[in-house]
Amino acid sequence: DTEVTQTPKHLVMGMTNKKSLKCEQHMGHRAMYWYKQKAKKPPELMFVYSYEKLSINESVPSRFSPECPNSSLLNLHLHALQPEDSALYLCASSRLDRGRIQETQYFGPGTRLLVL
Amino acid sequence: AQKVTQAQTEISVVEKEDVTLDCVYETRDTTYYLFWYKQPPSGELVFLIRRNSFDEQNEISGRYSWNFQKSTSSFNFTITASQVVDSAVYFCALSGGLKAAGNKLTFGGGTRVLVKP
Numbered sequence: 086d087t088e089v090t091q092t093p094k095h096l097v098m099g100m101t102n103k104k105s106l107k108c109e110q111h112m113g114h115r116a117m118y119w120y121k122q123k124a125k126k127p128p129e130l131m132f133v134y135s136y137e138k139l140s141i142n143e144s145v146p147s148r149f150s151p152e153c154p155n156s157s158l159l160n161l162h163l164h165a166l167q168p169e170d171s172a173l174y175l176c177a178s179s180r181l182d183r184g185r186i187q188e189t190q191y192f193g194p195g196t197r198l199l200v201l
Numbered sequence: 015a016q017k018v019t020q021a022q023t024e025i026s027v028v029e030k031e032d033v034t035l036d037c038v039y040e041t042r043d044t045t046y047y048l049f050w051y052k053q054p055p056s057g058e059l060v061f062l063i064r065r066n067s068f069d070e071q072n073e074i075s076g077r078y079s080w081n082f083q084k085s086t087s088s089f090n091f092t093i094t095a096s097q098v099v100d101s102a103v104y105f106c107a108l109s110g111g112l113k114a115a116g117n118k119l120t121f122g123g124g125t126r127v128l129v130k131p
């Protein structure tokens, strides 16, 4: 089973709203990722959590706030977004190997976000 | 810095034709991994294949095959006897270094494949 689930599938929000994106996996993976993908562009890494701790933040604006409450869940809290933040937000997970192996990332279906 | 280049932005073929997608990469890491992902219109990135830098053996898996050549820094991907369901955007990606804190994927720009019936 290589399933990563994301909710909601679609989200429309105003610039003053607060919303959250959710991601869940039950593969026992200890690394989880948020990516942002604009139309006709490749995904861009936003955040990486390893062992439930934030390990990589790709200089993402503070209006995006990630949270990893446990090893299966990953949230992305959104507040005061701008129209240019409209995009497909993808969650991924992978195993972690403390040695040498770069594990495969498995992606969820994404949340299509529209900021008005 | 790492870089992945997919020179083909769009390829259009008729069903049953073979399709080869080109991927060229740059990295200073001595150990790295290369991936191909498929993104259908639904949006989900589907993992297809992974190769590591110390294994240049090329393989075939069903209708998919790949050609990894370290000497030319290329990792090309072929779909044999294409089908309409193969229509999607295909991304080549690179992950390098020895990191225990999660790996950062560097994606190419993607190649849109359109298979016509």
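Quick mapping for you: the protein sequence lines, in order, are chains A and B. Going by the numbering used here, the first residue of the first sequence is number 86, and it counts up by one from there. Going by the numbering used here, the first residue of the second sequence is number 15, and it counts up by one from there. Glycine included, each C-beta is placed from N, C-alpha and C at the ideal position. Bear in mind the structure is a predicted one, so any value in this text is a computation, not a measurement.
Think of a sphere of 7 Å around the beta carbon of Arg64(B): the chain A residues whose beta carbon falls inside it are Thr189, in chain order.
Chain order gives no chain B residues near Leu201(A), where near means a beta carbon separation below 8 Å; the closest approach is about 20 Å. If you draw a 10 Å sphere on the C-beta of Ser96(B), you find 16 or more other C-beta atoms in it, and that means buried. Judged by DSSP in its simplified three-state form, Glu169(A) adopts helix.
Taking C-beta atoms under 8 Å as the contact rule, Gln22(B) and Thr86(B) fail to qualify, at a distance of about 16 Å. Residue burial annotation: His95(A) is exposed, with fewer than 16 other C-beta atoms found within 10 angstroms of its C-beta. Taking the beta carbon of Phe192(A) as reference, the chain B residues within 7 Å of it are Glu58, Leu59, listed in sequence order. If you ignore the 5 residues before and after Val33(B), its C-beta comes within less than 8 Å of the C-beta of Ile25, Val27, Thr92, Ile93, Ser96, Asp100, Val127, Val129, all in its own chain and listed in chain order. Of all residues in the region 16 to 36 of chain B, none has a C-beta nearer than 8 Å to a C-beta of chain A. Residue contact check for Gly76(B) against chain A: no CB pair falls below 9 Å. For Leu130(A), the C-beta contacts it makes with chain B under 8 Å involve Lys118, Leu119, in order along the chain. Taking a C-beta cut-off of 9 Å against chain A, the contacting residues of the region 44 to 57 of chain B are Thr45, Tyr46, Tyr47, Phe49, Tyr51, Gln53, Ser56, Gly57, listed in chain order. Partner residues in a beta bridge of Tyr136(A), as assigned by DSSP, do not exist.
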